[in-house]
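Residue numbers (my numbering): -3 to 130.
Glycine included, C-beta positions come from ideal geometry on N, C-alpha and C.
Only a predicted model underlies this, so the values are computations on that prediction, with no experimental measurement involved.
Contents: one structure, followed by commentary.
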Amino acid sequence: DGELCVWITKNDDDDEEEEEKGIMVHIALIIPKNGRKPSKKITNTLLSTLLHSVSASTILQAKQTYARQSQSKLFHSAAKTRATEKRSLKYDLQKKQEEMAKDRRRKWQRQNKDAGHYRPSGARMRSPNNAHFF
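Here it is as structure tokens:
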């Protein structure tokens, strides 16, 4: 008969020594006054085994959480970098295309003095509906 209490606390105060940083696992076996008491040997083995198991699983879970968070941060930073590079590359390409288009237009206007004033003459003035093919 009795109750088993487990407390897990994170101990990372700056004023403490290095050896005392980390997690603290406390286990207590509480037995009522008139309850049946197990032998000291069984109690010690039970509590030490339970203490080892709880501390190992807590450390494993903390490592998994830390790994997941660091991978997430790495992934986000890599994705952010890729997106920034992609945007800057797209901007540079667009600037080059606009510059080439302006240059092409300048050349075209220099070579063709009649640019923008196209007037068809001769056979091109006839409507395709009235065209006579011989």
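Host beta strand (DSSP E) of residue i (start-end)
i: G31; result: Unbroken run through G31: none, as it is neither H nor E.
i: G(-2); result: Segment: none, G(-2) is in no beta strand (DSSP E) and carries neither H nor E.
Cβ-Cβ distance between residue i and residue j below 8 Å
i: T138; j: I26; result: The structure shown has nothing for residue 138, since the chain only spans -3 to 130.
i: S53; j: V21; result: no
Of the residues the options, the one placed nearest residue i, counting alpha carbons only
i: A24; options: L42, Q60, S35, R32; result: L42
i: W3; options: L46, E94, R102; result: L46
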